[in-house]
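Going line by line, the protein sequences match chains X and D.
Mapping of the first sequence onto full-length UniProt numbering: position 68 corresponds to residue 68, and the numbering continues sequentially without gaps.
Mapping of the second sequence onto full-length UniProt numbering: position 300 corresponds to residue 300, and the numbering continues sequentially without gaps.
Don't be surprised by glycine CBs; every beta carbon is placed ideally from N, CA and C.
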Amino acid sequence: MADRQRPISILLVEDNPGDVRLTIEAFKDNQVDSPFDVARDGVEALAYLRGEGIHAGKPLPDLILLDLNLPRMDGREVLAAIKADPGLMHIPVVVLTTSRAEQDVQKAYLLQAACFITKPVDFDRFIETVKVIDAFWMRTVTLPCGAR
Amino acid sequence: MSTTPQVSATSPARPSAEAIAPLRTLRVADPRFDEILANANDAIISIDESQAITLFNRGAQRIFGYSEAEILGQPLNRLIPERFVARHGGQVRDFAAAPEASRMMAQRGEIYGRRSDGTEFPAEASISKFRDRDGVVFTVILRDVTERRAAEHLLREAHNELENRVRERTAELEERNAQLQLEIQERRRAETRLAEQARELARSNADLEQFASVASHDLQEPLRMVASYTQLLNKRYRDRLDSDADEFMGFIVDGALRMQRLINDLLAFSRVGSRGKEFQPVPLEDVMSRVQTNLRAAIEESAADISHGELPVVHADATQIELLLQNLVGNAIKFRGDARPRVHISAERQPGAWQIAVSDQGIGIDARYAERIFVIFQRLHTAAEYPGTGIGLAICKKIVERHGGQIDVVSAPGQGATFSFTLPDREEAPHGGPSAAH
Numbered sequence: 001m002a003d004r005q006r007p008i009s010i011l012l013v014e015d016n017p018g019d020v021r022l023t024i025e026a027f028k029d030n031q032v033d034s035p036f037d038v039a040r041d042g043v044e045a046l047a048y049l050r051g052e053g054i055h056a057g058k059p060l061p062d063l064i065l066l067d068l069n070l071p072r073m074d075g076r077e078v079l080a081a082i083k084a085d086p087g088l089m090h091i092p093v094v095v096l097t098t099s100r101a102e103q104d105v106q107k108a109y110l111l112q113a114a115c116f117i118t119k120p121v122d123f124d125r126f127i128e129t130v131k132v133i134d135a136f137w138m139r140t141v142t143l144p145c146g147a148r
Numbered sequence: 001m002s003t004t005p006q007v008s009a010t011s012p013a014r015p016s017a018e019a020i021a022p023l024r025t026l027r028v029a030d031p032r033f034d035e036i037l038a039n040a041n042d043a044i045i046s047i048d049e050s051q052a053i054t055l056f057n058r059g060a061q062r063i064f065g066y067s068e069a070e071i072l073g074q075p076l077n078r079l080i081p082e083r084f085v086a087r088h089g090g091q092v093r094d095f096a097a098a099p100e101a102s103r104m105m106a107q108r109g110e111i112y113g114r115r116s117d118g119t120e121f122p123a124e125a126s127i128s129k130f131r132d133r134d135g136v137v138f139t140v141i142l143r144d145v146t147e148r149r150a151a152e153h154l155l156r157e158a159h160n161e162l163e164n165r166v167r168e169r170t171a172e173l174e175e176r177n178a179q180l181q182l183e184i185q186e187r188r189r190a191e192t193r194l195a196e197q198a199r200e201l202a203r204s205n206a207d208l209e210q211f212a213s214v215a216s217h218d219l220q221e222p223l224r225m226v227a228s229y230t231q232l233l234n235k236r237y238r239d240r241l242d243s244d245a246d247e248f249m250g251f252i253v254d255g256a257l258r259m260q261r262l263i264n265d266l267l268a269f270s271r272v273g274s275r276g277k278e279f280q281p282v283p284l285e286d287v288m289s290r291v292q293t294n295l296r297a298a299i300e301e302s303a304a305d306i307s308h309g310e311l312p313v314v315h316a317d318a319t320q321i322e323l324l325l326q327n328l329v330g331n332a333i334k335f336r337g338d339a340r341p342r343v344h345i346s347a348e349r350q351p352g353a354w355q356i357a358v359s360d361q362g363i364g365i366d367a368r369y370a371e372r373i374f375v376i377f378q379r380l381h382t383a384a385e386y387p388g389t390g391i392g393l394a395i396c397k398k399i400v401e402r403h404g405g406q407i408d409v410v411s412a413p414g415q416g417a418t419f420s421f422t423l424p425d426r427e428e429a430p431h432g433g434p435s436a437a438h
């Protein structure tokens, strides 16, 4: 078992700086002190996860928050690549996106997303959402041991 | 019409006493021949070489209208229409010289006889010859074929008439056929045009739905930024700003949230066309119980009385029919006025369709606005009176139209409203009657 004394680490895959900052603020408001790393698109996310280039030696995150609409390589492709990679497939991926389209939801679960969350427009509800993510993924569930 | 004289007589008449001599000889020879000759139905006429008539039996007397006494010794020409007389002599001479003993007359056309009253009749005849002591005796056996010719004529006329009719009918049919061909071509062209229009429409529909869908997603993002950061600003800096700033930020957030609802509604509206499911038999009784479950909060809060009569199984998209009834019942509860809402759903059989009606006793609608309420985002009340974007009935209308039906409202202010819509039967097989009510 990994030691659960340390806070879980998160990779946020999100291209919109506004959203990145908003997520950080929401975590801050919820007194979540998990270490955050941000990948700005799908290619960077996979490079990060595979420890390529400047990401060499970085530990794997415990949880991935993935936006679907990303430049270069979109979230669906990133999700498919993670779930096809034996070294990464154990990491839960929470799809956190603006979309509430049924086909996006279907596709995400087919690609084995851990869950699908539509970002609320209302900031207070977003804080609530982040709180739920924190409560569930960081305080309730037991995650597999990250290995590199 | 070719008529050819077959017999001619050119020589002048001789005294009848001389001419009769061979007949007497025949009679003397055997009286039975005399009887046969006398009783024959056909005319049997003999002439001598000078073409004087030497035998004229009873049949000939009846057919030509001469008595024996009148005609014996007379030239054969008396029995031939004027116009044939001239060519007759040659014919008889030709036969006299021919090797055969008899021949049919009229081999090259019809022959005619002339009666004592001058009238003519068509005839068939044969001529034969033999030689005796006094020379060659020619005998003509002739039959009046007036009736047969008349019958033939009638038959020919009937035949011609029939042929004419067939020709006319054929011509008519050909003309009609040509017309049909034209119509078919015209219809084909129309079909092609229609198919093109349908393709065009489907394309523009798909474009619109794609647009609505994409716009909805892409518009949400900046909206979220506006609303969220305004809220964040409000949260972090409220103490450092005055009450005006607070109010302004409230308007920004309100506007953004309202815009988001509009976008979501627009998306839902566009999905009626693009995300529709296959039609299948849907029991409306089941749909109504789901609707009541979905609306439980509103029903309990308003203590609404929801009832329904016998409801049929309809051919429809189950999800959309549920949304349709849910919107209508939800509206009936929402626009209830002061009294406890009473909503009744009923079904009525129409030719080829079911008509479903949702009646309430709520605030009603002025007839002037009856059309407008089905238009997207059209509202008759302020958001403060009755919240909502004005999408519900537009979605209802779109759902009903996708099912090939129509939606209408009958209402007056304060008199409640009855929304009714039709759901046409499936084309191949009509559905059964209503199922029993709960």
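- Taking 8 Å as the Cβ-Cβ cut-off, the segment 212-227 of chain D approaches chain X at Ser213, His217, Gln220, Glu221, Leu223, Arg224, Met225 and Ala227, given in chain order.
- Among the residues of the segment 176-200 of chain D, none has a Cβ less than 9 Å away from any Cβ of chain X.
- Going by DSSP, Val314/D is part of the beta strand (DSSP E) stretching over Val313 to Ala316.
- Unbroken alpha helix (DSSP H) stretches of 4 residues or longer found wholly inside the segment 85-140 of chain X: 102-110 and 123-133, given in chain order.
- When DSSP states are grouped into helix, strand and coil, Ile64/X belongs to the strand group.
- For Ile44/D, the enclosing beta strand (DSSP E) stretches over residues Ala43 to Ile47.
- For the options Glu49/D, Phe84/D and Val166/D, the alpha carbon positioned closest to that of Asp134/D is the one of Glu49/D.
- For the segment 347-359 of chain D, no residue has a beta-carbon sitting nearer than 9 Å to a beta-carbon of chain X.
- Distance check between Asp62/X and each of Leu70/X, Arg40/X, Asp29/X and Leu11/X places Leu11/X closest, using alpha-carbon atoms only.
- Close to Thr129/X, with beta-carbon spacing below 9 Å, lies no residue of chain D; the smallest spacing is near 12 Å.
- Scanning chain D for C-beta atoms nearer than 8 Å to the C-beta of Thr98/X yields His217, Gln220, Glu221 and Arg224, reported in chain order.
- Sequence-distant Cβ neighbours of Gln350/D in its own chain, meaning closer than 7 Å and more than five residues away, are Thr422.
- Taking the CA atoms as reference points, Ala171/D sits about 19 Å from Ala158/D.
- Per the Cβ contact rule, the segment 250-269 of chain D is not in contact with the segment 293-300 of chain D (fewer than 3 Cβ pairs under 8 Å).
- In summary, Arg114/D is buried, with 16 or more beta-carbon neighbours lying within 10 Å of its beta-carbon over all protein chains present.
- Chain-ordered, the chain X residues with CB closer than 8 Å to the CB of Gln231/D read Asp122, Phe123 and Asp124.
- Counting every other CB atom within 10 Å of its CB across the protein chains shown gives Phe138/D a total of 16 or more, marking it as buried.
- Closest in alpha carbon position to Arg93/D, among Phe84/D, Val136/D, Phe56/D and Gln74/D, is Val136/D.
- Listed along chain D is no residue with a C-beta nearer than 7 Å to that of Asn30/X; the closest approach is about 13 Å.
- For the pair Ala38/D and Ala86/D, the Cα-to-Cα distance works out to about 31 Å.
- Neighbours of Leu257/D across chain X, judged by C-beta separation under 7 Å: Val121 and Asp122.
- In this structure, DSSP gives Glu348/D an extended state, which the three-state scheme calls strand.
- Three or more Cβ pairs closer than 8 Å define a contact, and the segment 371-382 of chain D meets that threshold against the segment 392-412 of chain D.
- Of all residues in the segment 244-269 of chain D, those with a C-beta nearer than 7 Å to a C-beta of chain X are Ala256, Leu257 and Gln260, reading in chain order.
- By the Cβ criterion, the segment 401-420 of chain D is in contact with the segment 353-364 of chain D, since at least three pairs of Cβ atoms, one from each stretch, lie closer than 8 Å.
- If the five residues before and after Leu88/X are omitted, its C-beta is found closer than 6 Å to the C-beta atoms of Leu49 and Ile82, all from its own chain and listed in chain order.
- Going by DSSP, Lys58/X is part of no alpha helix (DSSP H) at all; its letter is neither H nor E.
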